[in-house]
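Everything below concerns the one structure shown next.
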Amino acid sequence: MRQEAEKAAAEASRQKQEADQARAAALAQQQAAQAEAEKAAHEREAAVAQQRAAEAETEKARQATAQAEAEKAQLRAQLLAQLNSILQTRDSARGLIVNMSDVLFDTGSYTLKPGAREKLAKISGIVLAHPGLTLQIEGHTDSVGSDEFNQQLSERRAGSVRDFLADQGVPASGITARGFGKTQPVASNDTAEGRQRNRRVELVVNGEAIGNTATASAAPASQQ
74 MRQEAEKAAA EASRQKQEAD QARAAALAQQ QAAQAEAEKA AHEREAAVAQ QRAAEAETEK
134 ARQATAQAEA EKAQLRAQLL AQLNSILQTR DSARGLIVNM SDVLFDTGSY TLKPGAREKL
194 AKISGIVLAH PGLTLQIEGH TDSVGSDEFN QQLSERRAGS VRDFLADQGV PASGITARGF
254 GKTQPVASND TAEGRQRNRR VELVVNGEAI GNTATASAAP ASQQ
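Numbered per the working numbering, the sequence shown spans residues 74 to 297.
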């Protein structure tokens, strides 16, 4: 009887130990699962926070870009109005194009008249107030006379404007000058009025500050 009692007690003790071990294992498993769940929740929260931060940065960058573009558009409109008050100016994909008519030069000459110098001095003041602006100066003629004469005249007139602006303090590195002769008419050369319109020097004002970085050669007049 004693042996049976001891055997039963040992069996009960073993079963209790197994039960305790099972409970401990279950508790450890539950704690591990809870830890994994908490880890996953933290990772989700971190991912959401990271996504929100990225979205905030994207929105911040979008607003900064929009603000910069608005400032460029505002400055472009301001410059257009200022330049237009001096010489006829139009907005184009290439930049702001200031038109100097033939009457600002002596006939058949590339010498600037006093009135032209006065107007160019005002234009140089505007350009100097906005560092980073560049100028493309383009000379044009009508079809009267030889191609060689017209080409040279257009180049020399563009050069005269370039040199005057440089003398006014506009950085020479930001000015280019080129003559196109009779190749870029804006009107018919069959009439005196049309020929006068074709005899011109155009100043193309561009630069990052007004949303233009193009430095390409003149496009045909119909595309400007």
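Glycine is no exception: its CB is placed at the ideal position from the N, C-alpha and C atoms.
When DSSP labels each residue in this structure, what does R272 get in the three-state scheme?
-> Along the sequence shown, one-based indexing puts residue 272 at 199. Reduced to three states, the DSSP call for R272 is coil.
Residue interval of the alpha helix (DSSP H) (run including D240) | Looking up residue 240 in the sequence shown gives position 167. Following the DSSP letters along the chain, one finds D240 inside the alpha helix (DSSP H) bounded by residues 220-240.
CB contact flag (V171, T180, <7 Å) | On the sequence shown, position 98 is the one that residue 171 refers to. On the sequence shown, position 107 is the one that residue 180 refers to. Contact: no.
Measuring CA to CA, which of Q107, Q94, L177, R270 is closest to D215?
-> For the purposes of this step, residue 215 is taken as the residue at position 142 of the sequence shown. Of the candidates Q107, Q94, L177, R270, the one whose C-alpha sits nearest the C-alpha of D215 is R270.
Among D220, E266, E275, which residue has its Cα nearest to the Cα of T256?
-> For this step, residue 256 is matched to residue 183 along the sequence shown. The shortest Cα separation from T256 among D220, E266, E275 belongs to D220.
7 Å CB neighbourhood of L153 in its chain, flanking five on each side removed = Counting from 1 along the sequence shown, the entry for residue 153 is found at position 80. Only T162, D164, L169 meet the Cβ criterion.
For S295, which residues from the same chain have a beta carbon less than 8 Å from its beta carbon, with the 5 sequence-adjacent residues on both sides left out?
-> Mapped onto the sequence shown, residue 295 falls at position 222. The predicted position of S295 is uncertain, since its pLDDT is 44 and thus under 50; no value can be drawn from it.
Distance, A282 Cα to T288 Cα = As a first step, residue 288 is located in the sequence shown; it is residue number 215 there, counting from the start. As a first step, residue 282 is located in the sequence shown; it is residue number 209 there, counting from the start. Bear in mind that a pLDDT of 49 at T288, under 50, signals an unreliable position, so the number given afterwards is only what the model happens to contain. Taking the straight line joining both Cα atoms gives about 14 Å.
Is the beta carbon of E275 less than 7 Å from the beta carbon of E211?
-> The residue labelled residue 275 in the question sits at position 202 within the sequence shown. The residue labelled residue 211 in the question sits at position 138 within the sequence shown. Cβ distance < 7 Å, so E275 and E211 count as in contact.
Taking the alpha-carbon positions, what's the V243 to K133 distance?
-> In the sequence shown, counting from the first residue as 1, residue 243 sits at position 170. In the sequence shown, counting from the first residue as 1, residue 133 sits at position 60. About 36 Å.
Can you check the region 79-133 for any alpha helix (DSSP H) of at least 4 residues that lies completely inside it and give the ranges in chain order?
-> Here no run is fully enclosed.
What residues in its chain sit with their C-beta under 6 Å from that of A122, if we drop five residues either side in the sequence?
-> Reading the sequence shown from its first residue, position 49 is the one you call residue 122. The answer is none, since no qualifying residue turns up.
Cβ contact (3+ pairs, closer than 8 Å) linking the region 244-252 and the region 195-210 | Touching, per the Cβ criterion.
Quick one: what's got a C-beta closer than 6 Å to L189's C-beta in the same chain, skipping five residues either side?
-> Indexing the sequence shown from 1 puts residue 189 at position 116. The question names Leu, yet the displayed sequence has Ala at residue 189. In chain order, L177 place their CB closer than 6 Å to the CB of A189, counting only its own chain and leaving out the 5 sequence neighbours on each side.
Helix or strand or just coil, what does DSSP make of G284?
-> Taking the sequence shown and counting its residues from 1, one reaches residue 284 at position 211. Here G284 sits in coil by DSSP.
Which first and last residues belong to the beta strand (DSSP E) in which L201 is found?
-> In the sequence shown, residue 201 corresponds to position 128, counting from 1. Element bounds for L201: not the beta strand (DSSP E) but the alpha helix (DSSP H), 187-201.
On the premise that S174 lies in contact with R273, defined as a C-beta separation below 8 Å, what is that separation, rounded to the nearest angstrom?
-> Position 200 of the sequence shown, counted from the start, is the residue given in the question as residue 273. Position 101 of the sequence shown, counted from the start, is the residue given in the question as residue 174. Your pair R273 and S174 checks out as a contact, with CB atoms roughly 6 Å apart and the cut at 8 Å.
Relative to the C-alpha of A166, which residue among N262, T131, R149, A141 is closest?
-> The sequence position of residue 166 within the sequence shown is 93, counting from 1. Nearest option by C-alpha distance: R149.
Compare the C-alpha of L201 against each of A239, A98, T184, L160 and name the closest.
-> Position 128 of the sequence shown, counted from the start, is the residue given in the question as residue 201. Closest by C-alpha distance to L201, out of A239, A98, T184, L160, is A239.
Give the secondary structure of G267 by DSSP, where H, G and I count as helix, E and B as strand, and everything else as coil.
-> Looking up residue 267 in the sequence shown gives position 194. Here G267 sits in helix by DSSP.
Where R87 and E118 are concerned, what is the direct C-alpha to C-alpha distance, given to the nearest angstrom?
-> For the purposes of this step, residue 87 is identified with residue 14 of the sequence shown, where counting begins at 1. For the purposes of this step, residue 118 is identified with residue 45 of the sequence shown, where counting begins at 1. Taking the straight line from one Cα to the other gives about 46 Å.
Based on Cα-Cα distance, which residue from Q140, K195, A106 lies nearest to L160?
-> For the purposes of this step, residue 160 is taken as the residue at position 87 of the sequence shown. Comparing Cα positions, the closest option is K195.
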